[in-house]
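Shown next, in structure tokens, is the structure this report addresses.
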Amino acid sequence: MYIKRKINEELQTFKNLRDSYKNSPNCSHRYIATVGLGGNIGDVKRRLVHLYNYLKKDKQVSLLQTSLILKNPPFGFTNQDDFFNAVMMIKTSMQPKFFLDYLMRLEKKFARKRSFANAPRTLDLDIIFFDNRVVKTQKLQIPHAKWFERESVLIPLMDIQR
């Protein structure tokens, strides 16, 4: 069950009353990563709940917190359905590059197909922050390059900062 709130004509939030998650950070993993989540194919809200349940069982990570879900219009390639976006905080001992590989395997597990930039997708996972690290390689930029310009990150991020 979700509490739905309309922010404006384009933006709506959904707060999951049963599956929102907040856990104690008292685990042995070393790093805290903030991950942006999104998708616009199929039942994305349900898929996010399945993802959270999967992560709760995975010993490589500890799911610390999940945000509300934001429904918002696509950008870049705009001729597609609206997106549902959220943010989660995860604790892990993986280094950033290995954590990125882990997230890409999760996307594939949840049927992500990479056809073109900004294409519709079942699940998109982006590292927004990784501890206080700054990383800039061809495949990975931390903090995420445009996190501060995107309502799809800012609004869910404000929810978990409470």
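Counting in this note's numbering, the sequence shown runs from 21 upward without gaps. Quick reminder that beta carbons are idealized off the backbone N, C-alpha and C, glycines included. All figures in this text were calculated on a predicted structure; none of them were measured in a lab.
**Message:** Quick check: the Cα distance between Phe168 and Pro176, rounded to an integer number of angstroms?
**Reply:** 12 Å
**Request:** Determine which residues share a DSSP beta bridge with Ser82 and list them.
**Result:** Looking at the DSSP assignment, Ser82 forms a beta bridge with Lys111.
**Asked** Taking Cβ positions, are Ala106 and Leu57 nearer each other than 7 Å?
**Response** For Ala106 and Leu57, yes; Cβs fall inside 7 Å.
**Prompt:** Asn60: buried (16+ other C-beta within 10 angstroms of its C-beta) or exposed?
**Reply:** buried
**Prompt:** What does Ala53 pair with, by DSSP beta-bridge criteria?
**Reply:** Ile110, Phe150
**Asked** On the three-state DSSP scale, how would you describe Asp101?
**Response** Three-state result, Asp101: coil.
**Prompt:** What did DSSP end up calling Leu71 once you bin it into helix, strand or coil?
**Reply:** Assigned with DSSP and collapsed to three states, Leu71 falls in helix.
**Prompt:** Which word fits Thr54, buried or exposed, when buried means at least 16 other C-beta atoms lie within 10 angstroms of its C-beta?
**Reply:** buried
**Prompt:** So, do the stretch 76-90 and the stretch 98-113 have three or more beta carbon pairs nearer to each other than 8 Å?
**Reply:** yes
**Request:** Give the DSSP bridge partners of Thr33, in chain order.
**Result:** Arg25, Leu90
**Message:** Going by beta-carbon coordinates alone, are Leu75 and Val69 separated by less than 7 Å?
**Reply:** Against a cut-off of 7 Å, the Cβ pair of Val69 and Leu75 comes out as no contact.
**Prompt:** Rounded C-beta distance between Phe130 and Leu83? I'm assuming under 8 Å.
**Reply:** Between Leu83 and Phe130 the Cβ distance is about 15 Å, and since that is not below 8 Å, they are no contact.
**Message:** Let me check understanding here. Comparing Cα to Cα, which of Thr33, Lys65, Phe119, Glu29 lies closest to Gln161?
**Reply:** Phe119
**Item:** Among Lys91, Met124, Leu145, Thr157, nearest to Ile23 - alpha-carbon criterion
**Value:** Lys91
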